[in-house]
Structures are given as structure tokens and as C-alpha cells.
Amino acid sequence: MSLTNLHTDNRRALTFTLGDSLFGIDVSNILSFSDSYGEIKYATQQIEGFVGYLDFRNTLVQVFECATSLSHNKERDAIVTLVNDIKTYQQAHIDWINALEHSILTNEPFTKPRNPRMCAFGKWFYSFETEDDSLRVLLDKIELPHMHIHSLADTLLDMTGAGQRDEAIEVLRIEKQTTLKKLLRVLDYINDYLENSIHPIVLHLTKDGRTPWFSMVLDNIGDIIDYAPTSLDTLKSIDKGEPVKGYVRNPSGESFMMLSLERFFEQASDKLSKAG
């Protein structure tokens, strides 16, 4: 997507988040943004913040990862970790049911957590917070089946102790086909949603409004915000090494740190030259 129509106004910034912080880039430095992440030619050696090269408008430009260049974790890495954790939670509940069945059949002690808040998934579930309404809708479908599964331990082991082993096994067989499958299915939906939310955005940058300079990878982009030059606090106390122009105080919305692309590129290039 091109932002050339924005170059007439250098009092606008494209915002994005890193962790809990909101940053902005002056739109006069933006040629366009795209989903060309998969077209990047990756670097032959690992250098913090450097991704590789991209052929953009017949110019080979360097591509840098914004998050790691600014000493932040990539949002999509956290998502991938969460997806893998959820797969582990799924298998853990399959193992939990199998362990319960084994205890019913053999009278061996059942040692898995009976409290739904005490298993690894429960600890994550009851501490996890998100502002994503769609994800929250999916998460809300989990609590009841998860609680029900954990309640089976006391119920079925009591039945076994009362001489109703066969009945307990039959109940467990039905719960495997219903409640457990429902829990696993919702967790699959959550993983699909998370994986589909991973869309790295490539921002193509310029110094003069025409010539490609370098490209930057972001995990998200926010709003384009109008701001007055007087609202930019250059913060003389800011370390000159920080790739930040200053702080934009936005009375009509969120305030943000204005990124200095010159310093960003200088620092990123310096890492490259030292590695080479």
C-alpha cells in the first residue's frame, strides 16, 4: 500500500506498538508498506536486527527487524511460543485422561492435578490477559469443559471405590468422545486464530520521498495520527544514542515516541559493519 498521498503533510505519524510502548514514524519517510516478508532474501549470518535484503522498486534494500533492533521481543515470536504451549496443554489433558483411566483399571494412585487451576494449562488460563475480543470469545468456551474434565477424577475414582469400576470406565469413554474432544477442538480453534494473526508488515522507507532507503519489519501498525510540531518534545535529556527524536504529546489521543530513522539506520548499519 502506498502512502505517497501523505507526503504533503509532515505533521503526521504512522504509529505501532512494541511491548507496552507506542512509537511513531513520520509519514514523509514512508514510501509504502506491504506483505512482502516472504520475499526477503535472508542474511547469510545472524546479526541482531538484520533480516536480509529485498528487491524493492528495482533497488536492493536492507531489511531490519524493528523490535529486535530496539531491544524488544518480536510479538510474533510470543505468538509462536503460545501456539506451541497450547499444543503441549492439549497433550497434557490427553495424558491426564489416560492416567485417570489407568488408575481406575489398576487401583494405582492418581497423581495428576484434580484442581483445574493447578494444572499447567489452568495456571496459564487464569492468569492470561488479552484485549483481543475475538480471542477472548474463544477462551470463554474453555473454562466449563476444562473444569468438568478435572471433576471426573473425584467422581470416577469414588465410583471405582464403590465397586462401580465398569460404570466408571463407561462414563470416561463417553467423556473422551464429548468433553475432551470439545476442549481439544476449541484449543485447535485458538491455535488456528493465533497462527492466522501472524502477519509481519514490511515498511518501505525513504529520505527524500522518492528513493528507497531501507525497509523495516513490524508486527503491527496502528493509526496515522496528526500532530502539531509544537507537541513534539525533543527531550534534551534523551541519550543521543537512542534512536528517538522525542515524545509527541497528543491531547486528542495517545501520545507516542517519535522514532528517529536516521539514528535507527545508523545503529543498525553499525552492527552490520562490525559483524562483517
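Just so you know, we're using full-length UniProt numbering here: the sequence shown kicks off at 1 and counts up by one. Just so it is clear, CB atoms sit at the ideal spot from N, CA and C, and this is done for glycine as well.
What residue range does the beta strand (DSSP E) around L100 cover? Run containing L100: none in the beta strand (DSSP E); it sits in the alpha helix (DSSP H), E75 to T106.
Rounded to the nearest angstrom, how far is the Cβ of P198 from that of I79, given a contact under 8 angstroms? Before going on, a small fix: residue 198 reads as Ile here, not Pro. Correct: roughly 6 angstroms between the Cβ atoms.
Is it true that the CB of S260 sits closer than 8 angstroms to the CB of V244? yes
Just to confirm the assignment, what range does the beta strand (DSSP E) spanning T17 have? R12 to L18
Name, in chain order, the residues that DSSP records as bridge partners for Y42. G52
Relative to the alpha-carbon of N107, which residue among G163, I174 and L31 has its alpha-carbon at the smallest distance? G163
Leaving out five residues before and five after Y227 in sequence, what residues of the same chain have Cβ atoms less than 7 angstroms from its Cβ? R11, A13, V248 and N250
Spatial neighbours of I104 within its chain, please: C-beta separation below 8 angstroms, excluding the five flanking residues on both sides. L156, L157, T160, R165, A168, I169 and L172
Could you pull out every residue in the same chain whose Cβ sits closer than 6 angstroms to the Cβ of Y189, ignoring the five residues on either side in sequence? L138
Cα separation between E143 and Q91? 17 angstroms
So, are the CB atoms of L194 and V51 less than 8 angstroms apart? no
Could you tell me the alpha carbon to alpha carbon distance between L18 and S36, rounded to whole angstroms? 21 angstroms
Given this structure, state the Cα-to-Cα distance separating L203 from W96, to the nearest angstrom. 46 angstroms
Assuming K87 and P145 are in contact, meaning their beta carbons sit under 8 angstroms apart, how far apart are those beta carbons, in whole angstroms? About 17 angstroms; that fails the 8 angstroms criterion.
Taking Cβ to Cβ, would you say E175 is nearer than 8 angstroms to L205? no
At a cut of 8 angstroms, does the segment 122 to 137 reach the segment 207 to 222 through at least three beta carbon pairs? no
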